[in-house]
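Participant:
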Amino acid sequence: MMERRRMEAALLVLLLGHLATALEVPLDLPQPPTITHQSPKDYIIDPRENIIIHCEAKGKPHPSFSWTRNGTHYDIDEDPNVNMRPHSGTLVVDISRERAEHYEGVYQCTARNKHGTAVSNNIVIRQSRSPLWSKERIKPIVVQEGVSLVLPCRPPAGLPPPIIFWMDNYFQKLPQSERVSQSLNGDLYFSNVRREDSRNDYICYARFPHTQTIQQKQPITVKVLNQAPVDERRPTFLIPTGSSSSKMVLRGRVLEMECIAEGLPTPYTSWTKVSGDFPARRTSFLHYNKTLHIANVSESDAGEYRCTAKNLLGVVHHTIRVTVKAAPYWITGAPRNLVLAPGENGVLTCRASGTPKPSIGWSMNGIPIENSPKDVSRKVEDDTVIFTDVQIGSSAVYQCNISNDYGYLLSNAFVNVLSEPPRVLTPADKVYQVIKNHRALMDCSSFGSPIPKITWFKDSRSSTLDGDPYILHDNGTLEIDVAQARNSGKYTCVARNILGIYENHVSLEVKEPTRILKQPEYKVVQRGRSVVFECKVKHDTSLIPTMTWLKDDGELPDDERLIVDSDSLTISDVTENDAGVYTCIMNTTLDQDSASAELTVVERPEPPTDLELTDQKKRSVQLTWTPGDEHNSPIQKFLIQYEDLLHHRGHWHNLTEVPGTKTTAHLKLSPYVHYTFKVLALNDVGFSRPSIPSRTYKTDPAAPDESPAGVQGYGTEHNNLVISWKPLSGLQSNGPGLRYKVMWRQQRLGSEWTQVNVANNSKFTVSGTPTFVPYELKVQAINDYGDGPEPAVALGYSGEDFPVTAPENVHAAVVSSTKAEVHWDPVPHHLIRGHLKGYKVYYWREHSLHKHHPDHMGKHILTFSGNHSHGMLPGLHPFSLYSFYVKVFNGKGEGPQSPEQQFKTPEGVPGLPTSLVVTNPNLNSLTLEWSPPREHNGHITGYTLKYHTVNNSNELGTEEELALAANETSVTLPNLKYSTRYKFYLNAKTIKGPGPAISQEVVTIVDEGNLQTSHPIARSPPHRPTHKAGPASPFANISSSVGEDGAVISWEYWGPEKDVYVEYIVDNSESEEDWKRELVNGSQNVKLKGLKVGLSYRVRVVAKGHHDQPPHRSEELLVTVPAVASRQVDIATQGWFIGLMCAIALLILILLIICFIQRNKGGKYPVKEKEDAHTDPEFQPMKEDDCTFGEYSDNEDHKPLKGSRTPSNGTVKRDDSDDSLVDYGEGGDGQFNEDGSFIGEYSGKSISRDTAEGPENSEAPSPTNAMNSLNSFV
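25 is the number of the first residue of the sequence shown in our numbering; add one for each residue after it.
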């Protein structure tokens, strides 16, 4: 029946339509009282202080207060010790004249105004109590070792109950373990006692938390006897007793169950839940697993729990059946206030639960509802009160009281019937700030009756804000789940009901988040140094940031060594106390960001200590030590050093190293040494200081263990033998009286050993030996304790002497025009009289076989190491007569020379022509003159001339070739093109073929029918003879060919070295260190680029051997780079150029007409004065300031303007070289003879000419010159 009524009530609520929700009524509007603050239900007071019973309430009009005590009205005015605070219901009881216990009881506060009455909970006032322990005499407890024991505490009952703990006379907590532990009631349990449990100060203390007092029980004395041993036994439970028990706990409280077992050996306790699992987050095991603790108990924790005690002899179980009861608790929360407009409907719900099921009672204004006046608009259905069509005057406070055996819930909720237009309680023009991508919440707290409807608008109010990304909550709050910059702006909240409309404006500002761009990094720093943690941050510029640094989550130490800047933390002179985790926190008013980094302070390790020598033997000892503090950097290794106090006092030597994980080392020792050891530790920072030296350990003397090393024999004279060796060190001597037994004999059958003892020396000289005879040698170490091991035999030779004979059958075989092979018979070994080092060939050029070269050159030496019988002579001059002889040499020196021999080299290719000159230029021809090569290398059979044109883009024309007779030194070339660049190549020939070519470039220029050319001269380098004998060069036939883009150097090479390169330097250079180098990469020619025109260079080829051998260098070659005339482009036939010239001519004609008109208007035209003063037919450039001309002429139109420069590309451009023909040949001081030869000086770098020049310096009528003339004109 009750369930049916509840269903009907629910349906009625749905049919009623609009249901009001709880609202906060503004205090300026009429409303019933509401309790805002009250004392707790169970109120334990301190008897030493005044009693304050709180009761605060609000309402309109402000409520009045009254109290009941123990269910009857409490007249405060009649008790002079009790006062009520103004405008409040709070009672203050003065206990100075009355005992506090007089005011114990049950109090209830009532707050009322004309709209209703609210009541508080029943407040039970009890005085806290901490009674004294009763005096009692406790007899000593005597027990046999191994039995169980319980020491009772039994504290006096207090309010609230005391906290129990056991301590000794020194106020130190007694140690507890699996064997000894305290139970929940405070008793001390021993699973079994031991001898060490005997003591006379087992004291139980009780601390009463409310009064902060501690009471002490009389000490208990325990004496444990060991007279008869107790047998081991299986566990049994001391508490709880039996195999099962039960326990009840209230919902929301703490469940504590304990099982304490005795046994020998000590049993171990464990727990299980028979009907399920433990709630993981709420379960803990205390007192060495003897206590099961479950916090915030719920109904699911009911069931059976089993504790198990186990030792080696058996197991015992105990089952605890747990039931959970519940005082009443809210299901959907306490009833909420109702604000209804006249005619509206509403519901008050008081839904709670409990075990057992609680009863529900309703009251109105503190009076049971069944005793209250009847109201047709109100209907009570169990836990619900339904209001229908309420009217003004129906306001009241309703009390819901839910109770069962374990407690009660009392709640006040008013029904306030009002008729009010809407109002927005949120402050107007409030600015909300939120971080981008965070949630934004804008409040629109409102009030009205009927309840207002809330709508939101943004900026233009074009539409309501409902739907993504906006969420409108029931309380009017507008939410944007992920705020973006576009969501910033002005928002309007509108509250509307039937009585009116209310608007409120707020603003939203979306800010950029605060981010740490560069986080502090993990640092490892050595003590005493500085460290910097960077923390660079980006934040919204409109927010004020605050940087905070923490160390280990606490404030930074107040230390001037720590300097905080805007984006960093600097710690100077770091100490070990500075180690830790540093966190930078950037705060703004809206958000923050943080980052942490650890600082590890390292230092060199502390030196090892406690050096000890153990396991001492004749040749070894064990060294142990204790490592020092490693200062946060692991020790990598230990270095063990020793000092020899006997032989080397004050000098420490490294003996051995061991890994950083070891602290012992087995040291191998030598005899006859007084050892002292010390140990150093190494980590990443460095070595520690040495440890304190160990005690001295002396080893006994012994015979030497080794023989001297490095035994050798050699002679310093032809009749002696020097025997030398490396002496033993003091550590190797093994004893006093170190000396050496030196032994020797000739290496032949029947020779006897000769010996001598030598002390304090490392060599011995044997005199009167034959020359260069092999000897067997031995050196043995001996001391006062015996001879060393038998030494090994070494081989040595007595002194050398000069060879006594020269090589025989010496002759030469010519291989080519530049190479010959020399042969000889090796000298017999006994005539060399020493170690054969090799043979030397001395050779020189007597003269050329050509009649014009009778010169004689210096000697060359070629050395052939080892036992050779022939050798190649490279780099010879062709067509020449050579002389040579051969010597053998040993370690002492050279022997006599062989008889001189001669050979002739055949013809080869000729050298470079000495010069090539351009002469006799004409309109379509020119003459080339040359000089024969300096090195004919045979009979010249003729010359070959090749030439071709070269245009501006370096493209080559068809090559022409002329064969010329040997007696010719010039040739005239007809039918050449004017204003064209030609390149000529000339080389000489012998029967062996053509030699290298000399080249030349020439540009022909037409000037009024006369051909004018620039003509640089190519010359071969001058001959630099060698005047002294020296090692022969492996280079031959070095030549050069100078081209437009560099000089090509060619040569022949027969040497074994692979590292070949070309060196060159400007001739007459003051410093020999300015040689530049060009690598060859295995070829026999190289092109040198970047040479400056007009300069001469010395060039040589170098072959570099091993580091201990001097490099081979060729003879120097002089290479001259001629100055080159500017290339000119024949553009007279280009269509674009013809059009440009026509336009220029038209422009000049217009300017002439304008100037002619101006002259006729008045004044004397300046040009007339020029005509009277000068008869020069050429005209000068027009002046820029008055549009007049200097000198002018009405002669041929193709006459160029004076002072113009004509580079090949039509622009004025400087070459890098001062000697370029761009700078001379076009006026200035430089001039040509009628035949075109150059007779003037360089004209320098001047672009314009300041002096007037005659017609002999006029340029060729080139279109290019005409264009440059126009440039000067305009």
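Think of the CB as a built atom: it goes at the ideal place given N, C-alpha and C, for glycine as much as any other residue. Predicted model, so just to flag it, every value in this text is computed and none were measured.
Between the Cα of residue 992 and the Cα atoms of 975, 973, 952, which residue gives the shortest distance?
Facilitator: The residue you call residue 992 lines up with position 968 of the sequence shown. Checking every option, the nearest Cα to that of residue 992 belongs to 952.
Participant: Give the DSSP bridge partners of residue 791, in chain order.
Facilitator: Taking the sequence shown and counting its residues from 1, one reaches residue 791 at position 767. In the DSSP output, where bridge partners are listed per residue, residue 791 has 744.
Participant: Which parts of the segment 818-843 are runs of the beta strand (DSSP E), unbroken and 3 residues or longer, counting only runs that do not cross its ends?
Facilitator: Taking only runs of at least 3 residues, the beta strand (DSSP E) segments lying wholly in the segment 818-843 are 818-821, 832-838.
Participant: Could you check if residue 195 is buried or exposed, using at least 16 other CB atoms within 10 Å of its CB as the buried criterion?
Facilitator: For the purposes of this step, residue 195 is taken as residue 171 along the sequence shown, with counting starting at 1. Exposed.
Participant: Where residue 100 and residue 308 are concerned, what is the direct C-alpha to C-alpha distance, given to the nearest angstrom?
Facilitator: The count along the sequence shown starts at 1 and reaches residue 100 at position 76. The count along the sequence shown starts at 1 and reaches residue 308 at position 284. Their Cα atoms are separated by approximately 50 Å.
Participant: Per DSSP, which residues does residue 806 bridge with? Please list them.
Facilitator: Locating residue 806 in the sequence shown gives position 782, counting from the first residue. Beta-bridge pairing links residue 806 to 763, 811.
Participant: Between the alpha carbons of residue 574 and residue 607, how many angstroms are there, rounded?
Facilitator: Taking the sequence shown and counting its residues from 1, one reaches residue 574 at position 550. Taking the sequence shown and counting its residues from 1, one reaches residue 607 at position 583. Whole-angstrom Cα-Cα distance: 5 Å.
Participant: Is the beta carbon of residue 736 sitting closer than 7 Å to the one on residue 748?
Facilitator: Position 712 of the sequence shown, counted from the first residue, corresponds to residue 736. Position 724 of the sequence shown, counted from the first residue, corresponds to residue 748. For residue 736 and residue 748, yes; Cβs fall inside 7 Å.
Participant: If we count Cβ pairs, one from each stretch, closer than 8 Å, do we get three or more for the segment 1069-1083 versus the segment 1108-1116?
Facilitator: Contact holds: three or more Cβ-Cβ distances are below 8 Å.
Participant: To the nearest angstrom, report how far apart residue 539 and residue 532 are at their CA atoms.
Facilitator: Position 515 of the sequence shown, counted from the start, is the residue given in the question as residue 539. Position 508 of the sequence shown, counted from the start, is the residue given in the question as residue 532. C-alpha separation (whole angstroms): 21 Å.
Participant: What does the alpha-carbon distance come out to for the pair residue 893 and residue 773?
Facilitator: Residue 893 sits at position 869 when you count from the first residue of the sequence shown. Residue 773 sits at position 749 when you count from the first residue of the sequence shown. Spanning the two alpha carbons is a distance of roughly 33 Å.
Participant: Count the other C-beta atoms from every protein chain shown that fall within 10 angstroms of the C-beta of residue 504, then say buried if there are 16 or more, exposed otherwise.
Facilitator: As a first step, residue 504 is located in the sequence shown; it is residue number 480 there, counting from the start. With 16 or more Cβ atoms within 10 Å of its Cβ, residue 504 is classed as buried.
Participant: Among residues of its own chain, excluding the 5 on either side of residue 577, which ones have a beta-carbon nearer than 8 Å to its beta-carbon?
Facilitator: Translated into the one-based positions of the sequence shown, residue 577 becomes position 553. These residues qualify, in order along the chain: 605, 607.
Participant: How far does the alpha helix (DSSP H) with residue 86 in it extend, from its first residue to its last?
Facilitator: Reading the sequence shown from its first residue, position 62 is the one you call residue 86. No alpha helix (DSSP H) holds residue 86; DSSP gives it neither H nor E.
Participant: Span of the alpha helix (DSSP H) holding residue 754?
Facilitator: The residue you call residue 754 lines up with position 730 of the sequence shown. Segment 754-757, the alpha helix (DSSP H) holding residue 754.
Participant: Using 10 angstroms around the beta-carbon of residue 216, count the other beta-carbons present and answer buried if the total reaches 16, otherwise exposed.
Facilitator: Counted from its first residue, the sequence shown places residue 216 at position 192. Under this definition residue 216 is a buried residue.
Participant: Residue range of the alpha helix (DSSP H) that residue 855 falls in?
Facilitator: In the sequence shown, counting from the first residue as 1, residue 855 sits at position 831. Its alpha helix (DSSP H) spans residues 853-856.
Participant: Considering only their Cβ atoms, is the gap separating residue 437 from residue 372 smaller than 7 Å?
Facilitator: In the sequence shown, counting from the first residue as 1, residue 372 sits at position 348. In the sequence shown, counting from the first residue as 1, residue 437 sits at position 413. Yes, the pair counts as a contact, with Cβ atoms nearer than the cut-off.
Participant: Say whether the segment 48-58 touches the segment 133-146, bearing in mind that this needs 3 or more beta-carbon pairs closer than 8 Å, one atom from each stretch.
Facilitator: Yes, they touch.
Participant: Helix, strand or coil for residue 771, going by three-state DSSP, please let me know.
Facilitator: Translated into the one-based positions of the sequence shown, residue 771 becomes position 747. In this structure, residue 771 counts as coil in the three-state DSSP scheme.
Participant: Count the C-beta pairs between the segment 955-970 and the segment 859-866 that are closer than 8 Å, then say yes if the count reaches three, no if not.
Facilitator: Touching, no, given that fewer than three Cβ pairs across the two stretches are closer than 8 Å.
Participant: I'd like the span of the beta strand (DSSP E) that includes residue 316, first residue to last.
Facilitator: On the sequence shown, position 292 is the one that residue 316 refers to. Counting along the chain, the beta strand (DSSP E) containing residue 316 begins and ends at 315-318.
Participant: Can you pull the DSSP bridge partners for residue 902?
Facilitator: On the sequence shown, position 878 is the one that residue 902 refers to. Paired residues: none, contrary to the question.
Participant: Just the C-alpha distance for residue 543 and residue 626, rounded to the nearest angstrom, thanks.
Facilitator: Within the sequence shown, residue 543 is the residue found at index 519, counting from 1. Within the sequence shown, residue 626 is the residue found at index 602, counting from 1. Near 22 Å, if we compare the C-alpha coordinates of residue 626 and residue 543.
Participant: Between the beta-carbon of residue 824 and the beta-carbon of residue 796, is there less than 7 Å?
Facilitator: Residue 824 sits at position 800 when you count from the first residue of the sequence shown. Residue 796 sits at position 772 when you count from the first residue of the sequence shown. A contact, by the Cβ cut-off of 7 Å.
Participant: Can you list the beta strand (DSSP E) stretches of 3 or more residues lying completely in the segment 681-716, in chain order?
Facilitator: The qualifying runs are 688-692, 698-706.
Participant: Could you give the DSSP three-state label for residue 617: helix, strand or coil?
Facilitator: The residue given as residue 617 occupies position 593 in the sequence shown. Three-state DSSP puts residue 617 in a strand.
Participant: Which residues in the same chain as residue 819 place their Cβ atom closer than 8 Å to its Cβ, once the five residues preceding and following it in sequence are excluded?
Facilitator: In the sequence shown, residue 819 corresponds to position 795, counting from 1. Answer for residue 819: 737, 771, 798, 799, 800, 801, listed in chain order.
Participant: Compare the Cα-Cα distances from residue 730 to each of 983, 1014, 755, 79 and report the closest residue.
Facilitator: For the purposes of this step, residue 730 is taken as residue 706 along the sequence shown, with counting starting at 1. Cα-wise, what sits closest to residue 730 is 755.
Participant: Could you tell me the distance, in whole angstroms, from the CA atom of residue 2 to the CA atom of residue 380?
Facilitator: No answer is possible for residue 2: it lies beyond the span of the chain, which begins at 25 and ends at 1298.
Participant: Who are residue 61's beta bridge partners in DSSP?
Facilitator: For this step, residue 61 is matched to residue 37 along the sequence shown. Paired residue(s): 80.
Participant: What is the DSSP secondary structure of residue 157, reduced to helix, strand or coil?
Facilitator: Mapped onto the sequence shown, residue 157 falls at position 133. Here residue 157 sits in coil by DSSP.
Participant: Which residues does DSSP pair with residue 1124 in a beta bridge?
Facilitator: In the sequence shown, residue 1124 corresponds to position 1100, counting from 1. Beta-bridge pairing links residue 1124 to 1087.
Participant: With a Cβ-Cβ cutoff of 7 Å, do residue 1126 and residue 1096 count as a contact?
Facilitator: In the sequence shown, counting from the first residue as 1, residue 1126 sits at position 1102. In the sequence shown, counting from the first residue as 1, residue 1096 sits at position 1072. No, Cβ-Cβ distance for residue 1126 and residue 1096 is not below 7 Å.
Participant: One question on the structure: do residue 343 and residue 314 come within less than 7 Å of each other, judged by their Cβ atoms?
Facilitator: Here residue 343 is taken as the residue at index 319 of the sequence shown, counted from 1. Here residue 314 is taken as the residue at index 290 of the sequence shown, counted from 1. Contact: no.
Participant: Which of the three DSSP states, helix, strand or coil, is assigned to residue 1180?
Facilitator: Residue 1180 sits at position 1156 when you count from the first residue of the sequence shown. Note: residue 1180 maps to helix in three-state DSSP.
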